[in-house]
Amino acid sequence: MEKIAPTRDQLLSLKRQHEVIKKGLDLLKSKREALMKEFFGIVEESIGMRTALTGLLNRAQRDLERARALNGPEVESFAHAAKREVSLAIKVRNIWGVFVPEIEETALTRTLEARDISPIGERGEIIDVAREFETAADLIVKIASREVRLSRIGEMIKSDSRKINAISEVILPTINKRIKYINRMLEEREREEIFRLKRNKAKRHEAERA
Numbered sequence: 389m390e391k392i393a394p395t396r397d398q399l400l401s402l403k404r405q406h407e408v409i410k411k412g413l414d415l416l417k418s419k420r421e422a423l424m425k426e427f428f429g430i431v432e433e434s435i436g437m438r439t440a441l442t443g444l445l446n447r448a449q450r451d452l453e454r455a456r457a458l459n460g461p462e463v464e465s466f467a468h469a470a471k472r473e474v475s476l477a478i479k480v481r482n483i484w485g486v487f488v489p490e491i492e493e494t495a496l497t498r499t500l501e502a503r504d505i506s507p508i509g510e511r512g513e514i515i516d517v518a519r520e521f522e523t524a525a526d527l528i529v530k531i532a533s534r535e536v537r538l539s540r541i542g543e544m545i546k547s548d549s550r551k552i553n554a555i556s557e558v559i560l561p562t563i564n565k566r567i568k569y570i571n572r573m574l575e576e577r578e579r580e581e582i583f584r585l586k587r588n589k590a591k592r593h594e595a596e597r598a
């Protein structure tokens, strides 16, 4: 243990330090609990979305193969005409002081008006396939947004857990040992002082009798 001055001022200082660190530890635990609640909520949501995405992609792929079999080149032509650029914006959420990035949700599934096509000029099954794949793309963006949040929150949970362990297992026990050490030294000094006073008193009595 590092040598410290066994004084009452040092004892009071260590006790104040212990109290401040203990309050900080409680706040850190509350933060981690909130982050873990957020984390597992996102995990459950992501699992549901991934399951839905798998089913949607399987259905869309089957419908695409059927549309190709029935319409041939029309499918490729429609796909080429439907090409577009999609811009995604990133925003930041503050969760217990943790800045978590997430992708702003943008509806990628277009209406017929947005496609600038007429249902009369296109086969219905081709339009349905396009809508299914756009719905899948929409879901992929939502999943990606949640998994970015999961990654960031997971990093913070690990970091906070390391801090909590360090405080609980190293810092606070060390301060407690120092407090006990100073208490013991002060008690010894007090006993020695009492013994010295008693001895001096006894010497004075003997001197008075003499």
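The opening position of the sequence shown corresponds to residue 389 in my numbering, with each subsequent residue numbered one higher.
Every residue, glycine too, gets a C-beta built ideally from N, C-alpha and C.
When Ala590, Arg540, Gly542 and Lys530 are compared, the shortest CA-CA separation from Ile435 is found for Lys530.
Residue pairing by DSSP leaves Asn571 without any beta bridge partner. Pro461 sits in a helix when the DSSP states are folded into three classes. Residue pairing by DSSP places Phe487 opposite Asn482 in a beta bridge. The segment 404 to 423 makes no contact with the segment 514 to 530; the number of CB pairs closer than 8 Å stays below 3.
Here the alpha carbon of Ile430 sits roughly 40 Å from the alpha carbon of Ala457. Val474 sits in coil when the DSSP states are folded into three classes, being neither helix nor strand. With a threshold of 16 other beta carbon atoms within 10 Å, Val480 falls short and is exposed. Taking all protein chains shown into account, Val558 has fewer than 16 neighbouring C-beta atoms within 10 Å of its C-beta and is therefore exposed. Under the three-state reduction of DSSP output, Glu432 falls in the helix class. Residue environment: Val408 is assigned as exposed (fewer than 16 neighbouring CB atoms within 10 Å of its CB, all protein chains considered). Comparing alpha carbon positions, the residue from Leu402, Glu513 and Gly542 closest to Arg447 is Glu513.
Residue Trp484 holds the alpha-carbon nearest to the alpha-carbon of Asp548 among Val536, Trp484 and Ile582. Here the C-alpha atom of Gly412 lies approximately 11 Å from the C-alpha atom of Leu560. For the pair Asp451 and Leu496, the CB atoms are not nearer than the 8 Å cut-off.
Between the C-alpha atoms of Arg577 and Thr395 there is a straight-line separation of about 10 Å. Straight across, the Cα-Cα distance linking Leu423 with Glu432 is about 14 Å. In the three-state DSSP reduction, Glu493 falls in the coil class, being neither helix nor strand.
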